[in-house]
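Asker: Numbering (my numbering), first residue to last: 4 to 332.
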Amino acid sequence: MAVADEHYQDDNKELQPLLVFGPPLIFEVFESRNSHKYLFLKAFSIQLPLLEFLTTQNVDPSSIRTILCNQLQPITANVIRLLPSLALIVTTTIGNDHIDLPECNRRGVQVVNVGSQSTEDVADMAVGLLIDVLYRISAADRYVRKWVPSKPWNLPPGSKLGGKRVGIVGLGRIGGEVAKRLEAFNCRIMYHSRHKKPFVSYTFYSNILELASNSDVLVLCCSLTDETRHMINREVMLALGKEGVIVNVGRGALIDENALVQCLMKGEIRGAGLDVFENEPEVPKELITLDNVVLSPHAAALTSDYFTDTFSFLSNIKDIFQQECSKLR
4 MAVADEHYQD
14 DNKELQPLLV
24 FGPPLIFEVF
34 ESRNSHKYLF
44 LKAFSIQLPL
54 LEFLTTQNVD
64 PSSIRTILCN
74 QLQPITANVI
84 RLLPSLALIV
94 TTTIGNDHID
104 LPECNRRGVQ
114 VVNVGSQSTE
124 DVADMAVGLL
134 IDVLYRISAA
144 DRYVRKWVPS
154 KPWNLPPGSK
164 LGGKRVGIVG
174 LGRIGGEVAK
184 RLEAFNCRIM
194 YHSRHKKPFV
204 SYTFYSNILE
214 LASNSDVLVL
224 CCSLTDETRH
234 MINREVMLAL
244 GKEGVIVNVG
254 RGALIDENAL
264 VQCLMKGEIR
274 GAGLDVFENE
284 PEVPKELITL
294 DNVVLSPHAA
304 ALTSDYFTDT
314 FSFLSNIKDI
324 FQQECSKLR
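1. Is it the case that the Cβ atoms of Gly253 and Gly173 are separated by a distance below 8 Å?
2. Per DSSP, which one or two residues make a beta bridge with Asn282?
3. Could you tell me the distance, in whole angstroms, from the CA atom of Lys16 to the CA atom of Phe43?
4. On the criterion of 16 or more Cβ atoms from any shown chain inside 10 Å, does Gly270 qualify as buried, or is it exposed?
5. Alpha carbon to alpha carbon, what distance is there between Gly178 and Pro201?
6. Measuring alpha carbon to alpha carbon, tell me which of Tyr194, Val203, Ser204 ends up nearest Ile211.
7. Taking all protein chains shown into account, do 16 or more other C-beta atoms lie within 10 angstroms of the C-beta of Glu180, making it buried, or fewer, making it exposed?
8. Alpha carbon to alpha carbon, how far is Leu223 from Ser153?
9. Going by beta carbon distance, what residues of the same chain come within less than 6 Å of Pro64, once the five residues before and after it are set aside?
10. Does DSSP classify Ile272 as helix, strand or coil?
11. Give me, in chain order, the residues of the same chain whose beta-carbon lies closer than 7 Å to that of Glu123; leave out the 5 immediate sequence neighbours on both sides.
12. Would you decide whether Pro20 is buried or exposed? Buried here means 16 or more other CB atoms lie within 10 Å of its CB.
13. Between Val147, Thr95, Gly166, which has its C-alpha nearest Leu137's C-alpha?
14. Give the straight-line distance between the Cα atoms of Val117 and Ala304, rounded to the nearest whole angstrom.
15. Runs of 4 residues minimum, wholly inside the segment 186 to 240: which ones carry the alpha helix (DSSP H) assignment?
16. Grouping DSSP H, G and I as helix and E and B as strand, with all else coil, what is Gln12?
17. Using 8 Å as the threshold, is the C-beta distance between Leu227 and Asp308 below it?
18. Apply the 10 Å Cβ neighbour rule to Ile102 and answer buried if 16 or more other Cβ atoms are within range, or exposed otherwise.
19. Which same chain residues end up closer than 7 Å to Ile67 when comparing Cβ atoms and leaving out the 5 residues on each side of it in sequence?
20. Near Lys245, which residues of its chain fall below 8 Å by C-beta distance, leaving aside the five closest residues on each side in sequence?
21. Please state the DSSP three-state secondary structure of Lys149.
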């Protein structure tokens, strides 16, 4: 599909349609400050097929050139095919697994990932979850709040982070930042990725099972694909061992969640720090009752700085579009 800058020529008489899926957490503020620029088509607000929804809004599908989304609603090949002039998808997430990228490539639709601005925040959260699990900070907090003065202290000991063997699954932007932070704790860093990184000194394992066998901790930072779905299965968890810890800031379905619950309940691994879940927003009730698990509601990137940066980035999607068009020339 040919992409041209004239898609975004200013038109004082008509607002540019912007199709919104999700919606992104920042959307309410973004909408209020940009209502003079865009006709916001909230595909998340009405449970109708997309074509029927657009009909109710009196909008021609061929007039839509941009989608704003997050991971809560998939941008499927069918959605993309319904919009013949679609040129740009802006997602406020780090991952793109909710977008049919092959169809985007086939159609020449550009995908811009706003979430990459939160790389350092997610890396910080990964290390925070790991420290919490090892030192039992959240469990200790609950213990103190319920403690009765007449009873002796009886809290199971934690475990130090220093010197741990940490296997990072997915040594991309986030994985690299996690590794950098853990070096300060004198951790031994290893990794598993699709390909060995030529300029990285960390030990590379092409087999996830071997990585787990040689690690005390697995930190999951990779994207979700057909190949990575349930890559952390029972066999991998047993290879990690009874003192092993899993931290997931990638996608919930990277882990076989049922197997994880069983391994945690049976003491076959030490603990887990989870910012993501397989069937969000649902969380297995068994995880909620376990003291060796630290839970976060997919909030690793949700800092005040993230909202400021994202709003600034989204303030003029027209500029984003033109920048992406210039890359095609």
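All residues carry an ideal CB built from backbone N, CA and C; glycine is no exception.
Answerer: In brief:
1. It is a contact, given that the beta carbons lie within the stated cut-off.
2. Beta-bridge pairing links Asn282 to Glu285.
3. Bear in mind that a pLDDT of 48 at Lys16, under 50, signals an unreliable position, so the number given afterwards is only what the model happens to contain. The straight-line gap from Cα to Cα measures roughly 16 Å.
4. It is exposed - the Cβ of Gly270 has fewer than 16 other Cβ atoms within 10 Å.
5. Roughly 15 Å between the two C-alpha positions.
6. Out of Tyr194, Val203, Ser204, Tyr194 has the C-alpha closest to the C-alpha of Ile211.
7. Taking all protein chains in view, the Cβ of Glu180 is crowded by 16 or more other Cβ atoms within 10 Å, so the residue is classified as buried.
8. Each residue's alpha carbon lies about 42 Å from the other.
9. Counting only Cβ-Cβ distances below 6 Å, and skipping sequence neighbours, we find Leu57, Leu85, Leu86.
10. Residue state, collapsed to three classes: coil.
11. Excluding sequence positions up to five before and after Glu123, its CB lies within less than 7 Å of the CB of Glu180, all in the same chain and listed in chain order.
12. Here Pro20 is buried. Its C-beta has 16 or more other C-beta atoms within 10 Å.
13. Cα-wise, what sits closest to Leu137 is Gly166.
14. Near 11 Å, if we compare the C-alpha coordinates of Ala304 and Val117.
15. Segments of the alpha helix (DSSP H) lying fully in the segment 186 to 240: 211 to 216.
16. Since pLDDT at Gln12 reaches only 42, below the 50 mark, its modelled position is unreliable, and no value is offered.
17. Here Leu227 is not near Asp308, since their CB atoms are 8 Å or more apart.
18. Counting C-beta atoms within 10 angstroms of its own C-beta, Ile102 has 16 or more neighbours from the protein chains shown and is therefore classed as buried.
19. Counting only Cβ-Cβ distances below 7 Å, and skipping sequence neighbours, we find Pro20, Leu22, Leu86, Ser88, Leu89.
20. Taken in chain order, the residues that qualify are Gly270, Glu271, Ile272, Arg273.
21. Residue state, collapsed to three classes: helix.
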